[in-house]
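Student:
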Amino acid sequence: MSGFDKVVHSYEEAMAGLEDGMTVIAGGFGLCGIPENLIAQMKKMGTKDLTIVSNNCGVDGFGLGILLEDRQVKKMVSSYVGENALFMEQLLAGELEVELTPQGTLAEKMRAGGAGIPAFFTATGYGTPVAEGKEVREFNGRNYIMEESVTGDFAIVKGWKADRYGNVIYRHTAQNFNPMAATAGKITVVEVEEIVEPGELDPSQIHTPGIYVDRLILGTFEKRIEQRTVRK
Amino acid sequence: MSGFDKVVHSYEEAMAGLEDGMTVIAGGFGLCGIPENLIAQMKKMGTKDLTIVSNNCGVDGFGLGILLEDRQVKKMVSSYVGENALFMEQLLAGELEVELTPQGTLAEKMRAGGAGIPAFFTATGYGTPVAEGKEVREFNGRNYIMEESVTGDFAIVKGWKADRYGNVIYRHTAQNFNPMAATAGKITVVEVEEIVEPGELDPSQIHTPGIYVDRLILGTFEKRIEQRTVRK
Amino acid sequence: MALTREQIAIRVARELQDGYYVNLGIGIPTLVANYVPEGMEVMLQSENGLLGMGPFPTEDQIDADMINAGKQTVTAATGASIFSSAESFAMIRGGHVDLTVLGAFEVDVEGNIASYMIPGKLIKGMGGAMDLVAGADNIIVTMTHASKHGESKLLTKCSLPLTGAGCIKKVLTDLAYLEIEDGAFILKERAPGISVEEIIAKTEGKLIVPDHVPEMVF
Amino acid sequence: MALTREQIAIRVARELQDGYYVNLGIGIPTLVANYVPEGMEVMLQSENGLLGMGPFPTEDQIDADMINAGKQTVTAATGASIFSSAESFAMIRGGHVDLTVLGAFEVDVEGNIASYMIPGKLIKGMGGAMDLVAGADNIIVTMTHASKHGESKLLTKCSLPLTGAGCIKKVLTDLAYLEIEDGAFILKERAPGISVEEIIAKTEGKLIVPDHVPEMVF
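Protein chains in written order, with numbering that gives the first Met the number 0: chain S, 0 to 231; chain B, 0 to 231; chain Z, 0 to 217; chain G, 0 to 217.
In structure tokens:
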């Protein structure tokens, strides 16, 4: 089954082919469910002028934030970038471009990109700065704006368990943007906590079918917590 | 938890409020995963002039096909209606309107309807009779047509297991159109084979979250097989 | 006296109904969860992909893979479901959430809301707020009525970049509960001990004051 | 001799590659699954929501909830996944399927295909065919070269309502394998014992015949 064995054995192999100027779609919400080792590999490779499509840009020193340290990122497409001082510094200095995109629109743009839908209409952002330059159209008496889909040269994804066919499940809210990101990469790379035998995952319960996955790698994860809140 | 107890105890209650002229979105593919008892209840109610949005129209004498017997259906929105002689008869006699819709477009129209997306673009159907009267637009050098979403006054859905919160999972390929249908009804009614205790379903493995479900009923099912094929 | 954060949360909680699916924004809205009336059950939707958010975890329960939209560690309640961001916003955008509560910098008489950006000062992003205000029918905005310097945040026209246009109908400030209708704020209730005059003075947008404006009771 | 149904399937199977995700239409295309070369693994996508379709079930295994797009009872292979119709067509429309094989009534030199409707006679619907031809890059159409009455089905312009416009590049008939390029059919291979002359005679659309047209070997 070599053709369906998506497993690679090094992070070099996992991110091989990443080049300057490429667009990378990344799963994760805050620091939850982020492909932390794939990001670290990108830092190691030193690839520049990247456009990163991800809900957030990590924090200073962790997650996508580490790509800012060597100015690898040209542009971020995100809904929220508030947790990152270096980000703000580079943004205000004009060294970094940001395309603020509503969270739901961002998720839908990824899904649409993977699903062969080049554009869709949403009421989200109508009448706001997000609507600037976008077509407005009325349906059933309400105004909507047209949003175009997004695809990446690479998609980097963090899963929980996968089989070597590339079937992936996510754990709890570490699912977030990962399933959509997985569909929208020309090359989709998934890192997981556990690789299980084919047949172990219930076919009806797979979050990301293997057809979307090009490379799969077993990783170990720090899983840093952003806001540790406990019950008294 | 009365507010989240979606369980009703009779099919009368399940379909209460269905009126002549309404639009009903139905899950199912062929005879697989169809809400057979909800359909039977619609026949019993004798509601007329219905618009039914469903991939197929059952067969003669089973599934949605039974609604044709008393001419309850004004219009079908389907991708394939080839298994039903009575359907053809009424169609050719001009007694029934049909809007043939490509299967993927139909699935996406339901999803978009439930997801607050009034329209999307697809290459499916460009240059064919399906494109007639629809806007054509070019994205990245390719032509796409605009398709509008669909919603129903009712959605009727067949699940496998559910809890009383209305969280539903589907069994095997009986999933098909059911999850999208569930999102697209003003009133969504789900019939299932088993109602389990809250907490029994893994939260990360729920196909239809309870927020989409208004009424839930326990049923027994014939599950007629359309093409019984066996290995020699 | 102006309402405390807790009183704002308590007042919002009175809008809850049994069986409501509710999205609570970061900050004061989050507190609403603490004041769900006895015998009533609501499910909290967290837009990162959790319907049925439970309380914060105990130390033992803490799990990096279980967070809310504020990136706080949380738990899942009985009957919860967990799903992708696309599914989460399908719910939100599709109008399936019964009540959304969120903060704002400014609202105006047209129902516009500005809550995500102060040009040149704050450019963190809108997160899910634009989807929430566009997708929900029933939104309560919680905010202070005026700035520390006394400048009204209930305006004729928002001065900051909008989060949503024409989508807000209910505003609860530390001074009053108001509804927006036909290009005006309608003063519905006032905070205990707050005079109608003070509210008038601190409301820049057109304000309609009925003959009787009941005082909130806590 | 014109190819048999089995030979058509065998010839199509030669286009398979290890690791291909393949959607096989109803009829002859379904037979391709029987001729996957030894040592090669492909996964069959069935558009009703099954990736990794296995063989038909034994009597014991028959399950009304496990069918393929032809409504036949099937099984799931190891590594299969099962999902909604929306997800299934996201895969198809998004171009994730490596090879699609389907039948047709007519194709033409512009790569148009007609396969779903004969006005006044057959109005069953397009099912998933329009999505399949629009979504796939790599499509093989299998069909008879001409009608029983000798009328060509490889045309200058399709006469029947189209299933897709400009999307077909490869056609395998009972007489020949052809590719469509720049407004013409290019004759690539002929069935064993079928003369170039017969193919010319039965091809109404512009046909380019290279100097050497190899005979298929079975």
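Note that the Cβ used here is the ideal one computed from N, Cα and C, for glycine as well.
Nothing here was measured: the structure is a model prediction, and the numbers come from that model.
For the alpha helix (DSSP H) holding residue 133/Z, just list the boundary residues, first then last.
Tutor: Element bounds for residue 133/Z: 128-134.
Student: Buried or exposed, going by whether 16 or more other CB atoms sit within 10 Å of the CB of residue 105/S?
Tutor: Buried.
Student: Quick check on residue 64/S: does DSSP put it in helix, strand or coil?
Tutor: Note: residue 64/S maps to helix in three-state DSSP.
Student: Check the Cβ of residue 217/G against every Cβ in chain S and list those closer than 8 Å, keeping chain order.
Tutor: What residue 217/G touches in chain S: nothing, since even the nearest Cβ is about 25 Å away.
Student: Using DSSP with H/G/I as helix, E/B as strand and the rest coil, what is residue 206/Z?
Tutor: DSSP places residue 206/Z in strand when its eight states are reduced to three.
Student: Note down the Cα distance separating residue 160/B from residue 186/Z, rounded to an integer number of angstroms.
Tutor: Spanning the two alpha carbons is a distance of roughly 48 Å.
Student: Using CA atoms only, rank isn't needed, just tell me which of 62/S, 171/S, 223/S and 131/S is closest to residue 40/S.
Tutor: When each option's Cα is compared against that of residue 40/S, the closest is 62/S.
Student: Go ahead and label residue 23/B buried or exposed: buried means 16 or more other beta carbons lie within 10 angstroms of its beta carbon, across all protein chains shown.
Tutor: Buried, by the Cβ-count rule.
Student: Establish whether the CB of residue 122/B and some CB of chain S are separated by less than 8 Å.
Tutor: With 8 Å as the cut-off, residue 122/B counts as an interface residue toward chain S.
Student: For residue 102/S, is the classification buried or exposed, using 16 other Cβ atoms within 10 angstroms of its Cβ as the cut-off for buried?
Tutor: Buried is the call here.
Student: Measure the C-alpha to C-alpha separation of residue 136/Z and residue 176/Z and round it to an integer number of angstroms.
Tutor: Rounded to whole angstroms, residue 136/Z to residue 176/Z spans 18 Å at the Cα level.
Student: If we define contact as Cβ-Cβ less than 8 Å, is residue 103/S a contact residue for chain G?
Tutor: Not one chain G Cβ lies under 8 Å of residue 103/S.
Student: In angstroms, rounded to a whole number, what distance separates the CA positions of residue 44/G and residue 101/Z?
Tutor: Each residue's alpha carbon lies about 44 Å from the other.
Student: Helix, strand or coil for residue 0/B? Go by DSSP, reduced to three states.
Tutor: Annotation note: pLDDT 48 at residue 0/B (below 50); position unreliable, coordinate value reported separately. Residue 0/B falls in the coil class under three-state DSSP.
Student: Anyone know if the C-beta pair for residue 169/S and residue 27/S falls short of 8 Å?
Tutor: No.
Student: Below 8 Å between beta carbons: does that hold for residue 164/Z and residue 143/S?
Tutor: Contact flag unset, no.
Student: Count the other CB atoms within 10 Å of the CB of residue 216/G; is the residue buried (16 or more) or exposed (fewer)?
Tutor: With fewer than 16 other Cβ atoms within 10 Å, it is exposed.
Student: In terms of residue numbering, what span does the alpha helix (DSSP H) encompassing residue 123/G cover?
Tutor: Segment: none, residue 123/G is in no alpha helix (DSSP H) and carries neither H nor E.
Student: Label residue 141/Z either buried or exposed according to how many other C-beta atoms from any shown protein chain fall within 10 Å of its C-beta, with 16 as the threshold for buried.
Tutor: Residue 141/Z is buried by the Cβ-count criterion.
Student: By the three-class DSSP mapping on this structure, what secondary structure does residue 288/S have?
Tutor: Only positions 0 to 231 of chain S appear in this structure, which leaves residue 288/S out of reach.
Student: Of all the residues that make up the region 203-216 of chain S, which are near chain G by a beta-carbon distance shorter than 8 Å?
Tutor: So the list reads 203, 205, 208, 209, 210 and 211, given in the order they occur along the chain.
Student: Out of curiosity, what's the CA-to-CA distance linking residue 181/G and residue 53/S?
Tutor: Distance between the alpha carbons of residue 181/G and residue 53/S is about 41 Å.
Student: Got a sec: is the Cβ-Cβ distance from residue 82/Z to anything in chain B below 8 Å?
Tutor: Judged by the 8 Å Cβ criterion, residue 82/Z is in contact with chain B.
Student: Among the residues of its own chain, which have a CB less than 6 Å from the CB of residue 113/S, if the five just before and after it don't count?
Tutor: Here the set comprises 182 and 183.
Student: Mind checking the region 22-52 of chain S against chain B and listing, in chain order, the residues whose C-beta falls within less than 7 Å of any C-beta there?
Tutor: Flagged: no residues at all.
Student: What are the boundary residues of the beta strand (DSSP E) that includes residue 184/Z?
Tutor: From DSSP, the beta strand (DSSP E) with residue 184/Z extends over 183-189.
Student: Report yes if the C-beta distance between residue 69/S and residue 45/S is below 8 Å; otherwise report no.
Tutor: The answer is yes: Cβ separation under 8 Å.
Student: Residues in its own chain within less than 8 Å of residue 42/B by CB, not counting five upstream and five downstream?
Tutor: Excluding sequence neighbours, residue 42/B sits near 65, 66, 68, 69 and 71.
Student: Can you tell me which of the three DSSP states residue 108/Z falls into?
Tutor: It is coil, neither helix nor strand.
Student: Would the beta-carbon of residue 153/G fall within 8 Å of that of residue 202/G?
Tutor: Contact: yes.
Student: So the candidates are 137/B, 176/B, 217/B and 145/B; which of them puts its Cα closest to the Cα of residue 162/B?
Tutor: The shortest C-alpha separation from residue 162/B is found at 217/B.
Student: Answer yes or no: does any C-beta atom of chain Z fall closer than 8 Å to that of residue 0/B?
Tutor: For residue 0/B, the pLDDT reaches just 48, beneath the cut-off of 50, and the residue's location in the model is therefore unreliable, although a value from the coordinates is still provided. Taking Cβ atoms only, chain Z reaches closer than 8 Å to residue 0/B, which makes this a yes.
Student: Using the beta-carbon of each residue, which ones in chain B are nearer than 7 Å to residue 46/G?
Tutor: Per Cβ cutoff of 7 Å: 102.
Student: Just how far apart, CA to CA, sit residue 183/Z and residue 111/B?
Tutor: Near 34 Å, if we compare the C-alpha coordinates of residue 111/B and residue 183/Z.
Student: Report the neighbours of residue 128/S on chain Z: residues whose CB is nearer than 7 Å to its CB, in chain order.
Tutor: Chain Z residues near residue 128/S: 160.
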